[in-house]
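Input: a single structure, listed below in structure tokens.
Numbering (this note's numbering), first residue to last: 4 to 184.
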């Protein structure tokens, strides 16, 4: 093997390590026995207030926001009527989720600005929700994947961490704290 071939192989290997280091992998089974158990329908029953930030790949906070959520049951579905107030830029933005529980215990959700259905599953004190969304950034629109994780602190407080991915690489992260009102 030549030096040039060896260097090329090393560069490919190092590039693969960098890309793998840019992704996030959370295993739901890690949380299966952790308490308190997160119950989506119980937490989202009434008014919920949320505070959050968006961080870019460098960790810089590029947006902050407050969300008012009116959550209720309608026709066997969980409805999350969300109103976002942003610290920078246009606002307010609204999103209405309709979430249904499937017979196998998983969840399916839809909202007007979400591309296709979201899929969710509970794991002890955690809940995973995955979906695609067209996200506008600096005048351009990108189809990105959201990997949302919710963790219950108690019956009234929860944390949500969203990993926004493009081509499997985390491009931004959203951290939200939620509290029942």
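C-beta atoms are modelled at their ideal positions from N, C-alpha and C, and glycine is treated no differently. Treat the numbers as computed from the prediction; the structure is a model and nothing was measured.
**OP:** From the DSSP output, in three-state form, read off residue 97 for me.
**Re:** strand
Original post:
What first and last residue would you give for the alpha helix (DSSP H) that runs through residue 1?
Top reply: Since the first and last residues shown for the chain are 4 and 184, residue 1 lies out of range.
**OP:** Report the partner residues of residue 156 according to the DSSP bridge assignment.
**Re:** Its beta-bridge partners do not exist; DSSP assigns none.
Original post:
So does residue 164 have its beta carbon nearer than 7 Å to some heavy atom of the ligand FAD?
Top reply: Ligands displayed in this structure: none; no statement on the ligand FAD is therefore possible.
Original post:
Roughly how many whole angstroms lie between the Cα atoms of residue 61 and residue 175?
Top reply: 9 Å
Subject >> Close-in-space but distant-in-sequence residues of the same chain around residue 59 (CB under 6 Å, 5 per side omitted) >> reply: 65, 175
Subject >> At least 3 beta-carbon pairs within less than 8 Å: the region 122-139 vs the region 40-53 >> reply: yes
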